[in-house]
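Taking it in order: structure first as C-alpha cells, then the write-up.
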Amino acid sequence: MNCTEDQFRSILHEEAADITADSVPPLSLPDASPHRLLGAGSRRRRWLVPLGAAAAVTAIAVAATVFAGSGRAVQPDSAAPSLWRGVPLYYLTLSGGTPQQPTQELVVRDTRSGATLATARPSGCLPSELSAAADDRTFAIACQLRHGGRPIKTDRLLLARFDPATRRLSVTALRLPPISSYSNIAISPGGTRIAVMSYKLPDPPSRGVATLRVYSIATGAARTWTAANVFMRGDGVSWGRGSLLAFDFETTASDYTYSPELPGSGVRLLNTNAPSGSLVGASRLVIPTTHLPGGYLNLLAGQLVVSGNGATVATILCLQPGNERAAEFAEFSVATGKLLRRWMPSAVADQSVIWSDRSGKTLVVIARAPGGFPRKAGLGIMTDDQFTWLRPPAVGAPGIAF
Amino acid sequence: MKMPPSSAGAAAFVAENSGLPPAPDEPGAAVAALYREHALGLIRLAYVSQGSRAAAEDIVQEAFCGLYRRWNQLTNSDKAVAYLRSSVLNGCRNAARRSQRPPRAVTYLPPADSAESAALIGELRREVIAGLRRVPARQREALVLRFYLDLSDPEIAEVMGISVNTVRSSLRRGISALGIALKETT
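As given, the protein sequences belong to chains A and B, one line each in that order.
For the first sequence, this note's numbering assigns the number 103 to the initial residue and increments by one for each residue that follows.
For the second sequence, this note's numbering assigns the number 574 to the initial residue and increments by one for each residue that follows.
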C-alpha cells in the first residue's frame, strides 16, 4: 500500500473527526479551590509560613553543602572565570516557533549575558537547523521551504555572518542544491565547507540510502559518499580536527523496533579529502555501539560532538532502551573507542550535547532541571562536576548553534 | 498550533492562535473557559495519539484538573494552553505505559470493530491507524504533531521538550516505522 503524507494527514483528520463537539463530556473539577487544595486551615496558620520558609532555606543550605562538588548548579554570575575559557562569545538561536509567534527569527546572543545582539528573518523559508563554525560568528542554516503555508521536505542552505562591531547579522542564500528536510548539517570549523547527512527513504518506506555530502561553500563542489540498503537511526555529524568528520551510523535490521544494531554501527570517522564513494568503505569505525557497558549509545542527531583537538567524542549514553530521558553524558576516545568517563550532574535531567572545547572537558548542553513546574530548561556549561545555567534561563531550544 | 479550517475542531485552535480570552479572576471559571475553548481539540489530539475515546476524555479531564490544581503556580496565563497540550501528551504516554505493552513487544491485533463499523471505516484508514498504533510512542507523538496539527519542527520540539534534531530523527524513524507497519499489515 502506498500511503502518501497527504493521505496520512487526511486520515488523521478523519479519525479525529470521530470526536464531535456534542460528545465532549462536561468538565468535572474538584470541589475545593486550588487554595484549599493546598491544605485546609492554611489561612489560619499563616504565621507558620515564615518558619516553614526558614526551615526550607536551612534544609537547602545543608543539602547544598552535603552535595557540593557532586553536580551542583551555579548561576553565571558566581561562575569561575575559567568556566568561560574557550566558550564561544556568541551563539545563534531561533526565536518564535510557538503558536503565538510562528515566524522564526535568527537571533545572535551574547553567551555570558544572554543579551540579544542581532536578529534577522530569512524570507520565504523557516529556519530549522543551525550549525556554527569555530570563530563563533559564522553560521550555516538549513531553512525549510514552504508551499501554501505548509512546510515541504526541502531545505535551502544559508550562510550567516555576525559582525560584533556593527552588531549586524547578514544572511545569504548559498548557491548549493536544496537538501532534504530530513538532513543534518555541520559547517566546518573554518567555515569553508558544509557537511549534509541525509537519509532517503523509498516510497513505500523500506531500507533506504544514507548520503553524506560535503560542499565547498566557495565553489559549490561536492563529494558524496553513500550507503544503500540500510535502516539508519541517527544522522549526527560533527567536524573533528582538519578534514575529519565524525558521523553517526547506526544501522539496524528493522527501524521500528529497538532492534540490535548491525556490525559496523557506531561513530565513524571520514577523511573528507577522500574521493566520493562508499560511506562505509571510506570511513572507519571508531566507537562501536555494541557491547557498551551499562547502556547503549544514544546518538540521536545532534548529540555527537567531537572535541576541538579531535581526541574525544562527547555524546549521550542511554541507560534504558527506548527511554531517551534516562541517560548520562559519556566521553569516548577517538583513538581507541574506549569509554573514558560517564557522568550526570544532579542538577540536570535530560540533555543534548551542543559544543565541546578543545580538550573535551567543557561542554555546552541543553538541559532540563529534574523537577519543578514548569521545568526549567535551557543552555548550560558543564565541566566535570559543575553545571552552570546560561541566560536566558528558559529556552524552548528550537535550534541552537555554538 | 494550527488546524485546517475544514476540521470541526478548528474553532478551538483558531481561538488558541488568536490569543487566549481574558482570564477570569476565579481559577475555576478560567479553567472552565479554557475547557470550553480547547477540550474538543485536545480530546481529538489524545484520541489520535492514543486510540481510545474513553481514555482520551479521561486524559483531558486529568489535564484540566492538573491545571486547576496548579493555577496559582502559573506565572503567565498564556502558558496554560501549552501546559494543557504537554499534559495531554504526557497522559497519553502514561496510558501507554499502563497498558504494559512496550512498543517493541507489541503484537498486532486488528481493531475490534463491529462488522458494520468496519465497513464504514475505510480500509486504508483502518490500516493506517492500526499501523500508527505500532509506532513507538515518541515517534508516534511526533507524527501526530506534524501531520495532524501541522506543527513545524521547532514547534514540535517545544511541545515535546526535545531538540529539533531529535524531532527530525523521530519523524524520520516514525515515517519509516509506519511504512513498515503498513507493509506488514497488508
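Beta carbons are placed, not taken as given, at the ideal position from N, Cα and C, and that holds for glycine.
Given the structure is predicted, the values throughout are model-derived calculations rather than measurements.
query                                                                                                                  : result
Rounded straight-line distance, which links the Cα of B:Ser625 to that of B:Ile616                                     : 10 Å
Beta carbon proximity, A:Ser322 to chain B, threshold 9 Å                                                              : Correcting the residue type first, residue 322 of chain A is Gly in the shown sequence and not Ser. No, its Cβ sits nowhere closer than 9 Å to a Cβ of chain B.
Span separating the alpha-carbon of A:Ala217 from that of A:Arg211                                                     : 5 Å
Spatially closest choice to A:Ile113 from B:Gln712, B:Arg699, B:Ser736, by CA coordinates                              : B:Arg699
Chain A contact for B:Leu662 (CB, 9 Å cutoff)                                                                          : no
Segment contact flag, the region 342-353 of chain A with the region 368-376 of chain A, C-beta cutoff 8 Å, min 3 pairs : yes
Limits of the unbroken alpha helix (DSSP H) element including A:Gln405                                                 : From DSSP, A:Gln405 is part of no alpha helix (DSSP H); its letter is neither H nor E.
Chain A contact for B:Glu610 (CB, 9 Å cutoff)                                                                          : no
Opening and closing residue of the alpha helix (DSSP H) in which B:Phe720 lies                                         : 710-720
Within chain A, partners of B:Ile702 - CB distance below 8 Å                                                           : Ile113, Glu117
Selection of the region 597-631 of chain B by Cβ proximity to chain A, strictly under 8 Å                              : Pro600, Gly601, Val604, Ala605, Tyr608, Ala612, Leu613, Ile616, Arg617, Leu618, Tyr620, Val621, Arg626, Ala629, Glu630
Pick from A:Ser454, A:Lys463, A:Tyr301, A:Ile456 that is closest to A:Phe434, judged by C-alpha positions              : A:Lys463
Partners in chain B for A:Val126, counting only beta-carbon separations shorter than 7 Å                               : Ala612, Leu613, Ile616
Beta-carbon proximity of A:Leu208 to A:Ile254, cut-off 9 Å                                                             : no
Residue-chain proximity (B:Arg638, chain A), Cβ-Cβ < 9 Å                                                               : Here residue 638 of chain B is Cys; the residue named in the question, Arg, does not match the sequence. Closer than 9 Å: yes.
Residue environment, A:Gly249, which counts as buried when at least 16 other CB atoms sit within 10 Å                  : The sequence shown places His at residue 249 of chain A, not Gly. A:His249 comes out exposed.
Rounded separation between A:Leu228 and A:Gly501 - CA only                                                             : 12 Å
Alpha-carbon to alpha-carbon, A:Ala123 and B:Ala754                                                                    : 32 Å
B:Ile735 versus A:Leu481, A:Gly344, A:Leu381, residue with shortest Cα-Cα distance                                     : A:Leu481
Exposed unless 16 or more other CB atoms sit within 10 angstroms - verdict on A:Pro127                                 : exposed
Distance between beta carbons of A:Leu271 and A:Thr221, contact taken as under 8 Å                                     : 7 Å
Inter-residue Cα distance where the pair is A:Pro279 and A:Leu131                                                      : 55 Å
Interface residues of chain B facing A:Ile468 [CB-CB closer than 8 Å]                                                  : Ser736
Whole-angstrom distance between B:Gln646 and B:Ala655, CA atom to CA atom                                              : 14 Å
Partner residues on chain B for A:Ser225, Cβ-Cβ distance less than 8 Å                                                 : In chain order: nothing, as chain B lies at least about 16 Å away.
Interface partners of A:Phe241 on chain B, CB under 9 Å                                                                : Going along chain B, no residue has its Cβ under 9 Å from A:Phe241, so there is no contact; the nearest lies around 15 Å.
Beta-bridge pairing of A:Ala275 - partner residues as DSSP gives them                                                  : A:Leu260
Residues that B:Arg698 contacts on chain A, provided the C-beta gap is smaller than 8 Å                                : Ile113, Glu116, Glu117
B:Arg674 - DSSP class collapsed to helix/strand/coil                                                                   : At B:Arg674 the pLDDT is 36, less than 50, meaning the model places this residue with poor confidence; the figure from the coordinates comes in the next sentence. Of the three classes helix, strand and coil, the one that applies to B:Arg674 here is coil, per DSSP.
Contact set between A:Gly501 and chain B, taken where Cβ atoms lie within less than 7 Å                                : Pro727, Val737
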